[in-house]
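To start, the structure itself, in structure tokens.
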Amino acid sequence: MADQAPTLLHLVFGGELKNPQSTEFVDPSAIDIVGLFPNYASAHAAWKAAAQRTVDSAQTRYFIAHLHRLLDEETPAGPTEAQR
Numbered sequence: 055m056a057d058q059a060p061t062l063l064h065l066v067f068g069g070e071l072k073n074p075q076s077t078e079f080v081d082p083s084a085i086d087i088v089g090l091f092p093n094y095a096s097a098h099a100a101w102k103a104a105a106q107r108t109v110d111s112a113q114t115r116y117f118i119a120h121l122h123r124l125l126d127e128e129t130p131a132g133p134t135e136a137q138r
């Protein structure tokens, strides 16, 4: 069997923000879940497509969450987790 790259799960989601400079959603129950992806490349393609669909809405923003990092408890928190 050929060597395969590990599956690194990513979640793409987005919605309308209260302020475009923040990450607080206007209505968390209305968050658009684009999907789960097995690698960053496919997540990035989905993120880009979703972001381009909403380019006329300055209040709408999409994100890529690295779910594989949540599953790896051995790795110390990255800079985004340390800012809390």
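The opening residue of the sequence shown carries number 55 in my numbering; numbering runs sequentially from there. Every residue gets a Cβ at the ideal spot worked out from N, C-alpha and C, and that includes glycine. The structure displayed is predicted, hence computed values, not measured ones.
Query: Member of 62, 120, 104 and 61 whose CA lies at the smallest distance from the CA of residue 85; Result: 104
Query: Straight-line gap, residue 126 to residue 68 (C-alpha atoms, nearest Å); Result: 24 Å
Query: CB of residue 63 within 8 Å of CB of residue 90, strictly; Result: yes
Query: Close-in-space but distant-in-sequence residues of the same chain around residue 112 (CB under 6 Å, 5 per side omitted); Result: 74
Query: Length of the line joining the Cα atoms of residue 122 and residue 115; Result: 22 Å
Query: Local Cβ density within 10 Å of residue 100, reported as buried at 16 or more and exposed below that; Result: buried
Query: Extent of the continuous beta strand (DSSP E) run through residue 52; Result: As displayed, the chain neither begins before 55 nor continues past 138, which places residue 52 out of reach and without an answer.
Query: Simplified DSSP assignment, three categories, for residue 119; Result: strand
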